[in-house]
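**Q** Sharing a structure here in structure tokens format.
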Amino acid sequence: MSIHQLVAASQTLREALTGSLPRAAAQMLLELMASCCALLVKLSVSLREIDDPRVAAAHARLVETIYRYTLREQLHSAIHLESTGAHLLEDEELVAVAESRSSFAVGARQHSGRAHYQNTGEFLATWLGLNSHEGQNRVRDAHLLIARRLMDGSTIAPRMNQLATLYTQAPALDPRLVARVARALDKFEPADTCFQGQPLEPTASNEQGQLLEHLAAELLQEPDRATRESKLAALLATQRKARKKTRNPEPGIYPRGTVGDCDKYELYVGGTQREEFRSTLAQADNPRTNAGKAARSGESSDGVDMDYGAEESGSQGEAQPGQNAGDPAVDELFSSKEPPPPWAREDRGTFFGQQSAEEPEAEKPAHGAGEANPSRNLDSSLLGDGEVPVAQRRLNALMAALRRRSTGKAANGITPKIGMLIQLSDLQDLREASKLRATTEHGLNLDSVDTAQLICQGEIYRVVFGPDGQPLDVGRKERFFTDAMKRAIFARDRGCIVPGCTAPPEMIEYHHDNWWERGGCTSVRNGSCLCRRHHHAIHAGLIGLVTVGGLAHIMLPKHLDPLQIPRRNSVPVAA
Numbered sequence: 165m166s167i168h169q170l171v172a173a174s175q176t177l178r179e180a181l182t183g184s185l186p187r188a189a190a191q192m193l194l195e196l197m198a199s200c201c202a203l204l205v206k207l208s209v210s211l212r213e214i215d216d217p218r219v220a221a222a223h224a225r226l227v228e229t230i231y232r233y234t235l236r237e238q239l240h241s242a243i244h245l246e247s248t249g250a251h252l253l254e255d256e257e258l259v260a261v262a263e264s265r266s267s268f269a270v271g272a273r274q275h276s277g278r279a280h281y282q283n284t285g286e287f288l289a290t291w292l293g294l295n296s297h298e299g300q301n302r303v304r305d306a307h308l309l310i311a312r313r314l315m316d317g318s319t320i321a322p323r324m325n326q327l328a329t330l331y332t333q334a335p336a337l338d339p340r341l342v343a344r345v346a347r348a349l350d351k352f353e354p355a356d357t358c359f360q361g362q363p364l365e366p367t368a369s370n371e372q373g374q375l376l377e378h379l380a381a382e383l384l385q386e387p388d389r390a391t392r393e394s395k396l397a398a399l400l401a402t403q404r405k406a407r408k409k410t411r412n413p414e415p416g417i418y419p420r421g422t423v424g425d426c427d428k429y430e431l432y433v434g435g436t437q438r439e440e441f442r443s444t445l446a447q448a449d450n451p452r453t454n455a456g457k458a459a460r461s462g463e464s465s466d467g468v469d470m471d472y473g474a475e476e477s478g479s480q481g482e483a484q485p486g487q488n489a490g491d492p493a494v495d496e497l498f499s500s501k502e503p504p505p506p507w508a509r510e511d512r513g514t515f516f517g518q519q520s521a522e523e524p525e526a527e528k529p530a531h532g533a534g535e536a537n538p539s540r541n542l543d544s545s546l547l548g549d550g551e552v553p554v555a556q557r558r559l560n561a562l563m564a565a566l567r568r569r570s571t572g573k574a575a576n577g578i579t580p581k582i583g584m585l586i587q588l589s590d591l592q593d594l595r596e597a598s599k600l601r602a603t604t605e606h607g608l609n610l611d612s613v614d615t616a617q618l619i620c621q622g623e624i625y626r627v628v629f630g631p632d633g634q635p636l637d638v639g640r641k642e643r644f645f646t647d648a649m650k651r652a653i654f655a656r657d658r659g660c661i662v663p664g665c666t667a668p669p670e671m672i673e674y675h676h677d678n679w680w681e682r683g684g685c686t687s688v689r690n691g692s693c694l695c696r697r698h699h700h701a702i703h704a705g706l707i708g709l710v711t712v713g714g715l716a717h718i719m720l721p722k723h724l725d726p727l728q729i730p731r732r733n734s735v736p737v738a739a
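Per our numbering, the sequence shown starts with residue 165, numbered consecutively.
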């Protein structure tokens with residue numbers, strides 16, 4: 165058959181499928197489905213041989229559509245097996261089905277007494293070659309999202325009715341995510357007694373009395389995937405914490421033996437130290453600071469006191485004295501010659517990855533001399549700027565805070581910055597200390613004790629929002645945002661405004677909504693938070709930025725958002 169004949173036949177078949185198919189012709193329907201599967205395999209192999217990226221993109225989308233349909237149909241099949249009692253089939257019937265020689269004109273023979281399989285889950289796992297747990301899980305998921313079975317064999321609506329509607333009627337939604345959410349919510353519910361004749365509907369709710377299934381169904385309809393998953397994870401984590409008494413471990417560093425030539429430790433950080441530690445790691449990750457570069461190379465920084473991220477990409481001009489041409493530009497705001505606090509100063513010795521001046525350089529083995537990964541034992545300063553793994557450069561930053569240079573001079577390492585967001589109403593009367601709450605810039609919720617401690621240790625500044633309450637505007641006489649402006653912009657945006665982005669505060673850059681080179685002024689109203697990747701994407705024209713109601717909104721590419729709806733990130737605010 166030629167390709168043209170195949171296309172004509174497929175069009176005829178598609179037209180025939182619009183009507184109802186004869187249920188009595190089971191054998192022919194099964195043969196037709198098997199033929200379609202064989203045709204699908206053949207077509208996929210042929211499409212993979214075409215060297216055209218558009219074909220590859222279209223093919224990948226079709227395969228994903230088929231895969232998601234298959235996931236949904238797996239649960240429908242589980243209910244079909246359960247409602248027909250397939251696990252009770254006699255051995256001869258199962259052999260005939262496996263060999264495709266069953267006669268559907270006569271009724272199926274089932275065991276009247278003890279059968280080979282106790283339930284549908286056990287049969288499903290054995291019949292399809294699955295793990296036993298996978299078979300039972302499919303049946304449980306089917307009860308949550310497809311249908312439940314009563315003792316007489318009839319079926320009723322699934323337990324999670326709202327999620328079931330999304331699972332079966334929202335083809336653009338990943339069914340795996342819906343199933344995970346349904347399983348998680350089911351753990352907050354009492355065991356269903358549907359089979360005993362008393363089906364139980366979902367009753368789990370939050371502190372405000374809102375049904376969790378309804379909240380999850382609303383979040384699942386969020387168009388941005390990253391935002392959707394982040395909010396769902398936050399919802400489930402909050403409910404798990406509210407329902408489970410978790411014993412907090414004692415903060416500290418605990419030795420956990422030796423693995424190969426490395427010591428293993430377990431680290432628990434609590435209280436206000438959590439924010440300090442997150443800030444330190446995030447600064448070590450930042451490629452636009454001296455501290456981040458030092459942490460990657462293992463060398464001491466020239467002193468970096470991080471605050472509120474970097475200025476616009478490429479806006480730093482020429483390299484400063486002492487700065488290599490290839491080094492990242494550094495905002496003066498982040499450079500400091502102040503020594504670190506006492507706890508961050510190091511003992512006399514060497515930085516991690518550097519030789520002491522008094523110690524001769526050890527002879528290094530040649531590559532391949534009995535080492536599976538020779539680069540693991542090399543001095544990290546010998547590696548390229550981007551070659552040091554994230555975990556290694558974080559360790560470098562930690563070691564730099566604990567040691568002292570071999571010359572005895574105190575190292576100017578990373579000094580964590582802790583910013584808190586507190587409602588003005590909560591600060592009106594500090595005598596009500598038990599009611600005081602705050603949220604850090606990294607999204608940690610602080611209790612009254614930690615909040616009061618940080619208020620005592622730090623200085624308080626305020627950011628006032630309103631049509632007449634924003635004096636932070638320097639026009640065009642200054643290009644770069646001031647420190648106060650950056651604080652105000654961050655307090656408003658709470659992070660990168662691109663939907664779904666979860667970049668930490670240390671990775672934030674500040675963008676002129678109306679570009680400086682196009683006549684835009686430097687003011688809070690004309691500034692927005694963007695991570696470095698999305699900042700470059702804005703300037704490259706890959707994503708758009710529009711102003712709605714005085715706030716910058718993001719326009720995603722048309723292939724991601726055909727409706728071109730202006731959006732802002734809601735994940736940092738939710739945190």
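We put the CB at the ideal spot given by N, CA and C, even for glycine.
#1: Could you tell me which residues DSSP puts in a beta bridge with Gln362?
#2: Could you compute how far the alpha carbon of Thr284 sits from the alpha carbon of Glu430?
#3: CA-CA distance, Arg313 and Phe359?
#4: By a C-beta neighbour count over all protein chains shown, 10 Å radius and 16 as the cutoff for buried, is Ile243 buried or exposed?
#5: Which whole-angstrom value describes the C-beta separation of Leu330 and Leu384, a residue pair presumed to lie in contact below a C-beta threshold of 8 Å?
#6: Alpha carbon to alpha carbon, how far is Asp471 from Glu670?
#7: Looking at the unbroken beta strand (DSSP E) that takes in Arg420, where does it start and where does it end?
#8: Within 10 angstroms of its Cβ, does Gly572 collect 16 or more other Cβ (buried), or is it exposed?
#9: In terms of residue numbering, what span does the beta strand (DSSP E) encompassing Ser692 cover?
#10: For Met324, which three-state DSSP category applies?
#11: I believe Met324 touches Pro366 by the beta-carbon criterion, under 8 Å. Please report the beta-carbon distance rounded to the nearest angstrom.
#12: Taking only runs of the beta strand (DSSP E) that begin and end inside the segment 372 to 444, which ones reach a length of at least 3 residues, in chain order?
#13: Check Arg656 in the structure and name its three-state DSSP category.
#14: Figure out for me which residue from Gln728, Ala381 and Asp316 has the closest Cα to the Cα of Gln362.
#15: State the DSSP-derived secondary structure class of Leu253, mapped to helix, strand or coil.
#16: Any idea if Ser208 is buried or exposed, counting beta-carbon neighbours within 10 angstroms, 16 or more meaning buried?
#17: Enumerate in chain order the residues of its own chain whose CB-to-CB distance from Asn295 is below 8 Å, with the five nearest sequence positions on each side excluded.
#18: Considering Ile243, what are the terminal residues of the alpha helix (DSSP H) in which it resides?
#19: Express the C-alpha separation of Asp677 and Gly684 in angstroms, rounding to a whole number.
#20: Measuring CA to CA, which of Val423, Gly424 and Lys428 is closest to Ile417?
#21: Does DSSP put Ile214 in a helix, a strand or coil?
#22: Terminal residues of the continuous alpha helix (DSSP H) containing Thr290?
#23: Just to check, is the beta-carbon of Ala701 closer than 6 Å to a non-hydrogen atom of the ligand ZN?
#24: Cβ atoms of Ala368 and Phe745: under 7 Å apart, would you say?
#25: What residues in its chain sit with their C-beta under 7 Å from that of Glu377, if we drop five residues either side in the sequence?
#26: Using only the alpha-carbon positions, how far apart do Glu673 and Pro553 sit?
#27: Using a C-beta cutoff of 7 Å, does Cys201 count as contacting chain B?
#28: What does a CB cutoff of less than 6 Å around Ala701 pick up in its chain, not counting 5 residues either side in sequence?
#29: Let's test the definition: count the other Cβ atoms within 10 Å of the Cβ of Asp216 and tell me whether it reaches 16, buried, or not, exposed.
#30: Less than 7 Å between the C-beta atoms of Asp305 and Ala343, yes or no?
#31: Check whether the segment 218 to 237 touches the segment 246 to 255, taking contact to mean three or more Cβ pairs, one atom from each stretch, closer than 8 Å.
#32: Pop quiz: Ile718 and Pro726 are said to be a contact at Cβ under 8 Å. What is the actual Cβ separation, rounded to whole angstroms?
#33: Looking only at C-alpha atoms, which of Ala704, Arg696, Pro721 and Phe645 sits nearest to Asn690?
#34: Give me whichever residues DSSP pairs with Arg313 in a beta bridge.
#35: Once the 5 residues before and after Leu337 are set aside, which same chain residues still bring their CB inside 7 Å of it?
#36: Span of the alpha helix (DSSP H) holding Ala348?
**A** A quick look at the data gives this:
#1: Thr357
#2: If I take the Cα positions, the gap works out to 43 Å.
#3: 6 Å
#4: buried
#5: 6 Å
#6: Reliability fails at Asp471, whose pLDDT of 39 lies under 50, so the model's placement of it is uncertain and the value that follows must be treated cautiously. Their Cα atoms are separated by approximately 7 Å.
#7: Gly416 to Val423
#8: Here Gly572 scores only 49 on pLDDT, less than 50, and its place in the model should not be relied on; the value that follows carries that caveat. So Gly572 counts as exposed.
#9: Gly691 to Cys695
#10: coil
#11: 6 Å
#12: For the segment 372 to 444, whole beta strand (DSSP E) runs of length 3 or above, ordered along the chain, are 416 to 423 and 426 to 432.
#13: helix
#14: Asp316
#15: Under the three-state reduction of DSSP, Leu253 is assigned to strand.
#16: By the 10 Å Cβ count, Ser208 comes out exposed.
#17: Ala289
#18: Pro217 to Thr248
#19: When the Cα atoms are used, Gly684 and Asp677 turn out to be separated by approximately 8 Å.
#20: When only C-alpha atoms are compared, the closest one is Lys428.
#21: coil
#22: Thr284 to Leu292
#23: You won't find the ligand ZN in this model; it holds no ligand whatsoever.
#24: Because the chain spans 165 through 739 in this model, residue 745 falls outside it and cannot be assessed.
#25: Met324, Gln326, Leu327, Leu349 and Pro366
#26: 23 Å
#27: Although the question refers to chain B, the structure presented lacks it and comprises just one protein chain.
#28: Ile707
#29: exposed
#30: For Asp305 and Ala343, yes; Cβs fall inside 7 Å.
#31: no
#32: Wrong, their Cβ atoms sit about 15 Å apart, outside the cutoff.
#33: Phe645
#34: DSSP lists Thr319 as the beta-bridge partner residues of Arg313.
#35: Leu330 and Leu384
#36: In this chain, the alpha helix (DSSP H) harbouring Ala348 covers Pro339 to Asp350.
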